[in-house]
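In the working numbering, the protein residues as written are 0 to 182.
Where is the CB? At the ideal position from N, CA and C, for every residue including glycine.
Being a predicted model, the structure only gives us computed values, none of them experimental.
So the structure is just underneath, and the comments pick up after that.
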């Protein structure tokens with residue numbers, strides 16, 4: 000099984016993903032941002048870009064890394080990533096679904112005010128340049144995630160991370176019956 004947690008920056012994807020790994024039997028966290036950071040370090044001298052998601056190699060590596068992790072470790076992958084650009088989203092979802100037909104996509108949402116507040120609380124984690132980059136993309140994310148392709152949406156404004164994880168687990172269980180009483 001692969002559980003993809005999508006949503007805007009500062010919506011709580013990584014926190015929810017970490018908690019989900021604790022609750023979901025035989026799972027592991029797979030953050031494609033780590034793949035992007037490594038790839039950026041390698042190709043920056045030869046290719047200009049402002050977002051590693053624009054690199055064809057990144058999208059292919061996200062899928063290939065998931066394939067290797069599934070083959071070697073055989074665990075459920077919990078994948079937090081902000082993937083708002085529809086062609087990239089479709090490419091990665093198709094690739095992940097090809098690896099495991101039990102792909103669950105959840106789009107965590109929040110109001111713009113909530114996102115800005117959360118980002119301000121975490122600003123010590125980012126450089127000013129990174130904060131500017133994130134703020135510039137938040138508007139695009141909010142608009143993009145209104146599309147039906149980004150359902151099942153889970154509003155996070157008034158929910159704790161534990162409540163969000165419980166909603167995700169319940170949705171997976173209702174759709175698949177894969178979790179059952181062993182949760």
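Under the three-state DSSP convention, the category residue i falls into
{"i": "residue 164", "result": "helix"}
{"i": "residue 4", "result": "strand"}
{"i": "residue 23", "result": "coil"}
{"i": "residue 179", "result": "Only weak support exists for where residue 179 lies, its pLDDT of 44 falling under 50; the value from the coordinates is given anyway. Helix, per DSSP."}
{"i": "residue 144", "result": "coil"}
{"i": "residue 169", "result": "helix"}
{"i": "residue 121", "result": "coil"}
{"i": "residue 14", "result": "helix"}
According to DSSP, residues forming a beta bridge with residue i
{"i": "residue 154", "result": "108"}
{"i": "residue 28", "result": "77"}
Supposed close pair residue i, residue j - CB separation, criterion 8 Å
{"i": "residue 76", "j": "residue 164", "result": "Incorrect: roughly 16 Å between the Cβ atoms, too far for contact."}
{"i": "residue 168", "j": "residue 22", "result": "6 Å"}
{"i": "residue 153", "j": "residue 107", "result": "5 Å"}
{"i": "residue 95", "j": "residue 60", "result": "At roughly 13 Å, the Cβ-Cβ gap does not stay under 8 Å, so residue 95 and residue 60 are not in contact."}
Closest by C-alpha distance to residue i, when choosing among the options
{"i": "residue 159", "options": "16, 99 and 3", "result": "16"}
{"i": "residue 170", "options": "126, 104 and 37", "result": "104"}
Proximity test, Cβ basis, 7 Å: residue i and chain C
{"i": "residue 168", "result": "No chain C appears in the structure shown, which is made up of a single protein chain."}
Subject >> Minimum length 3: unbroken beta strand (DSSP E) runs contained in the segment 32-115 >> reply: 75-79 and 102-108
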